[in-house]
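Positions in the sequence shown are counted from 1; adding 618 to them yields my numbering.
As structure tokens, the structure follows; a few thoughts come after it.
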Amino acid sequence: MSCFIVFEGGDGSGKSTQVNSLLRRLRRRNINVIRTHEPGGTTLGQALRRLLKLGEPMPPISELMLFEAARAQLIDKVIRPFLEEGGVVIADRFTSSTITYQGYGRGLDHELIDRLNHEATGGLEPDLTVLLDLPVETALARKNSAADNFDDAPLDFHRKIRLGYGALAAANPSGWFVLDGQRTPDELSREIWAKVQTIL
Numbered sequence: 619m620s621c622f623i624v625f626e627g628g629d630g631s632g633k634s635t636q637v638n639s640l641l642r643r644l645r646r647r648n649i650n651v652i653r654t655h656e657p658g659g660t661t662l663g664q665a666l667r668r669l670l671k672l673g674e675p676m677p678p679i680s681e682l683m684l685f686e687a688a689r690a691q692l693i694d695k696v697i698r699p700f701l702e703e704g705g706v707v708i709a710d711r712f713t714s715s716t717i718t719y720q721g722y723g724r725g726l727d728h729e730l731i732d733r734l735n736h737e738a739t740g741g742l743e744p745d746l747t748v749l750l751d752l753p754v755e756t757a758l759a760r761k762n763s764a765a766d767n768f769d770d771a772p773l774d775f776h777r778k779i780r781l782g783y784g785a786l787a788a789a790n791p792s793g794w795f796v797l798d799g800q801r802t803p804d805e806l807s808r809e810i811w812a813k814v815q816t817i818l
């Protein structure tokens, strides 16, 4: 019963809360499940995460290449092997984050990003993408962790990201599950669980 579920949304949208909630529900039912996050999940991914989030500013193309390197490693070492064993993978961010952040946000060519995403993933696509959508100002006000290179970006950058997510979801309504991130965590958790049960 392999299944690949991705959570997407802007910074402060509540992804981590809902990822953890779904992870607990699946484990209580003795389902073989792991959680991943991007960039990260491998030794290389964690090193690149520190550079991307806390390192010196870099050109958008460098940022894109590092994200793809971290993703390729995560796919090869963690995600694909686990799915091939019949497990469930819950991912906190995947290729759509690159399209929105580096494409819509940084202004890089979308066709280039699509090609690199495909190379990094070997064509792997989520069975379901859950998007937690809410106003940018509300999401950023929720952030309680130390700021990083993305949090510190201008408000317009985050608004472009939200628009990008909306465009991706509208282009693939059967594969995306869009929820109002301003609802309570418990309400969101119950609705996500109901949706996930339909695809397991």
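Just so it is clear, CB atoms sit at the ideal spot from N, CA and C, and this is done for glycine as well.
Distance, Cα to Cα, residue i vs residue j?
i, j, result
"Glu755", "Ile697", "33 Å"
"Gln664", "Pro657", "7 Å"
"Glu703", "Ser620", "7 Å"
"Phe700", "Thr654", "11 Å"
"Arg668", "Pro677", "16 Å"
"Pro803", "Ala759", "16 Å"
"Asn648", "Ile679", "42 Å"
"Leu781", "Leu666", "27 Å"
"Gly799", "Gly659", "25 Å"
"Ala757", "Ala812", "25 Å"
"Ile693", "Ser714", "15 Å"
"Glu674", "Asp770", "13 Å"
"Phe775", "Gly725", "10 Å"
"Ser792", "Arg801", "22 Å"
"Glu805", "Lys761", "20 Å"
"Asn790", "Val814", "17 Å"
Using a Cβ-Cβ cut-off of 8 Å (strictly less than) and excluding sequence neighbours within five positions of residue i, which residues of its own chain qualify?
i, result
"Val651", "Leu641, Leu644, Arg645, Gly705, Val706, Val707 and Ile708"
"Lys633", "Phe625, Glu626, Gly627, Asp710, Arg711 and Leu750"
"Ile810", "Gln636, Ser639, Leu640, Val748, Phe795 and Leu797"
"Leu672", "Asp766 and Asn767"
Who are the Cβ neighbours of residue i in its own chain at under 7 Å, not counting the five residues just before and after it?
i, result
"Ile779", "Gly628, Thr718, Tyr719, Tyr722 and Gly723"
"Asp745", "Cys621, Phe622, Ile623 and Ile817"
"Lys695", "Thr660"
So, for residue i: in the same chain, excluding its five sequence neighbours on each side, which residues have a beta-carbon less than 6 Å away from its beta-carbon?
i, result
"Arg777", "Val754"
"Ala787", "Leu749, Trp794 and Val796"
"Gly784", "none"
Quick test of your reading: residue i and residue j, contact by CB under 8 Å. State the CB separation rounded to the nearest angstrom.
i, j, result
"Ile731", "Leu682", "7 Å"
"Leu773", "Ser631", "In fact, because the Cβ distance is near 15 Å, the residues do not count as touching under 8 Å."
Check whether the Cβ atoms of residue i and residue j sit closer than 9 Å, and answer yes or no.
i, j, result
"Leu662", "Gln691", "yes"
"Thr739", "Arg689", "yes"
"Leu734", "Thr716", "yes"
"Glu686", "Glu729", "no"
Can you tell me whether residue i sits near the ligand GTP, meaning its C-beta is under 8 Å from at least one heavy atom of the ligand?
i, result
"Asp629", "The ligand GTP is not among the ligands present in this structure, which contains no ligands whatsoever."
Against chain B, does residue i count as a neighbour if the rule is that its beta carbon must be under 9 Å from one of theirs?
i, result
"Gly705", "Among the chains of the structure shown, chain B does not appear; only one protein chain is present."
Could you check where the beta strand (DSSP E) with residue i kicks off and where it finishes?
i, result
"Glu743", "Run containing Glu743: none; DSSP gives neither H nor E here."
"Val707", "Val706 to Asp710"
"Phe622", "Cys621 to Glu626"
"Phe795", "Trp794 to Asp798"
State the start and end residues of the unbroken alpha helix (DSSP H) segment that holds residue i.
i, result
"Asp804", "Pro803 to Ile817"
"Asp774", "Leu773 to Ala789"
"Arg653", "Note, Arg653: premise wrong, no alpha helix (DSSP H); beta strand (DSSP E) at Val651 to His655."
"Phe700", "Arg698 to Glu702"
"Leu641", "Lys633 to Arg646"
"Leu666", "Thr661 to Leu672"
"Thr713", "Thr713 to Thr716"
"Pro753", "Run containing Pro753: none; DSSP gives neither H nor E here."
"Met683", "Pro678 to Leu692"
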